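Protein chains: 2
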Amino acid sequence: MSAKSKGKQLRFRCWIDIDGERFFGPGRAELLALIHETGSISKAAKAMGMSYKKAWTMVDGLNANGSKPYVISHKGGQQGGGAEVTPAGLKMLKSYQKLNKRLFSIVESNIDILKLI
Amino acid sequence: MSAKSKGKQLRFRCWIDIDGERFFGPGRAELLALIHETGSISKAAKAMGMSYKKAWTMVDGLNANGSKPYVISHKGGQQGGGAEVTPAGLKMLKSYQKLNKRLFSIVESNIDILKLI
DNA sequence: CAACGATATGTACGGATGGGTATAACGCAA
DNA sequence: TTGCGTTATACCCATCCGTACATATCGTTG
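Chains A and B supply the protein sequences, listed in that same order. Here the numbering used here is used: the first residue of the first sequence is 1, the next is one more, and so on. Here the numbering used here is used: the first residue of the second sequence is 1001, the next is one more, and so on.
As structure tokens, this is what we get:
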């Protein structure tokens, strides 16, 4: 159903693998940012149009494969529970966003490659 | 079977979409380069450990979705046939490789992000 | 104690992807 | 005219992946 974007697009993606498995990338970065905003995995997932399970799997991967947890979650309580991004998670997020911006500026300045098509 | 690479890796990828469909990227770039070297789609595919069918599908996509063909192929003949990369294909390939190098240098200089893990 | 909202987790289904196989067309060489 | 190597293309099947669905758990609140 997703109406695929029209026209020519120069795109890029940057990510981190650990032992060949995805550890951090644009999806997890956006998820982390939204968890930080909303204080909830499920709300963040909904905001991204992603299933809770997929979001949880991503969070679980971050916490399991890194040396420090990026998200702390709580069951039960006043609002039924919640989640918060740790300082380590925020630091990784910000560094990733910085790198992404640098890459974006390069890509942007090379848009002319599309004219070769 | 593929022994996934060990350790932390900072990776990136850059590609061109047309109407949301893959048009050009690292795989097609490598394929194009190998076709240019070997003069044959099947040899290039073999060199990449890729099936001929997949390689042909890529080449077909390049020729069908761009405004100019990137590969000209010949059936029959002395060696049974062959393929050559057009000047337009070579130009795109070189521009892509240039852009890729620029991006790589940025990524390389940001390797320290791996220490945050 | 019952309800609520969010975390946590397993299982089952369906679509997309990619590989394998098979086959045909083609043009030169022997 | 037969053989050869490559392009070109159809069809089937195994596998992977995402999504959906179904529960269970937990702790505060009323």
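From the three backbone atoms N, C-alpha and C, an ideal C-beta is built for every residue, glycine too. Since we're looking at a predicted model, the values are computed, not measured.
Exercise. Which residues in chain B sit within 8 Å of A/Val-107, going by Cβ to Cβ distance?
Worked result: Result: Cys-1014, Leu-1099 and Leu-1103.
Exercise. What residues of chain A sit near B/Ser-1073, judged by a beta carbon separation below 9 Å?
Worked result: Within 9 Å Cβ-Cβ: nothing; B/Ser-1073 doesn't reach chain A, min ~20 Å.
Exercise. Once you ignore the five residues that flank B/Val-1071 on each side, which residues in its own chain have a CB closer than 8 Å to its CB?
Worked result: Leu-1032, Ile-1035, Ile-1041, Val-1059, Leu-1062, Asn-1063, Ala-1083, Glu-1084, Val-1085, Thr-1086 and Gly-1089
For this session: Return helix, strand or coil for A/Gln-79, following the three-state DSSP convention.
Result: coil
Exercise. With DSSP run on the structure shown, which of helix, strand or coil describes A/Asp-19?
Worked result: coil
Exercise. Which stretch, first to last residue, makes up the alpha helix (DSSP H) that contains B/Ile-1111?
Worked result: Run containing B/Ile-1111: none; DSSP gives neither H nor E here.
Exercise. Cα separation between B/Glu-1030 and B/Met-1092?
Worked result: Their Cα atoms are separated by approximately 12 Å.
For this session: Identify, in the order they occur along the chain, each residue of the same chain with its Cβ nearer than 6 Å to the Cβ of A/Gly-25, setting aside the five sequence neighbours on each side.
Result: The residues are Trp-15.
Problem set entry | Delimiting residues of the alpha helix (DSSP H) encompassing B/Lys-1046 | Here the alpha helix (DSSP H) through B/Lys-1046 covers 1041 to 1048.
Problem set entry | Proximal chain A residues relative to B/Asp-1019, where beta-carbon distance stays under 8 Å | Lys-4, Ser-5, Lys-6 and Gly-7
For this session: Work out the CA separation of A/Arg-28 and B/Arg-1022 for me, nearest whole Å.
Result: B/Arg-1022 and A/Arg-28: Cα-Cα distance of roughly 23 Å.
Problem set entry | Any non-hydrogen atom of the ligand NAD closer than 7 Å to A/Asn-65 Cβ | Inclusion of the ligand NAD in the displayed structure is not the case, the ligand content being empty and no account of it being possible.
For this session: May I have the straight-line CA-CA distance separating A/Asn-110 from B/Ser-1095, to the nearest angstrom?
Result: 9 Å
Exercise. If you drop the 5 nearest sequence neighbours on each side, which residues of the same chain put their C-beta closer than 7 Å to that of A/Arg-11?
Worked result: Annotation for A/Arg-11: no residue places its beta carbon closer than 7 Å to its own, counting only its chain and skipping 5 residues before and after.
For this session: Output yes or no for whether 8 Å exceeds the beta carbon distance between A/Gly-81 and A/His-74.
Result: Yes, these two residues count as a Cβ contact at 8 Å.
Exercise. When you compare each of A/Lys-53, A/Thr-38, A/Gly-77 and A/Val-107 to B/Arg-1013 by their alpha carbons, which one comes out closest?
Worked result: A/Val-107
Problem set entry | A/Ile-113 versus B/Ile-1113 - alpha carbon distance | 29 Å
Exercise. What is the rounded straight-line gap between the Cα of A/Ser-5 and the Cα of B/Asp-1019?
Worked result: 5 Å
Exercise. To which residues of the same chain is B/Trp-1056 closer than 7 Å at the C-beta, ignoring the five residues directly before and after it?
Worked result: Ile-1041
Exercise. In three-state DSSP terms, what is B/Lys-1054?
Worked result: helix
Exercise. The segment 1044 to 1062 of chain B: which residues have C-beta closer than 7 Å to a C-beta of chain A, in chain order?
Worked result: none
For this session: Taking the CB atoms as reference points, tell me whether A/Leu-103 and B/Leu-1103 lie closer together than 8 Å.
Result: yes
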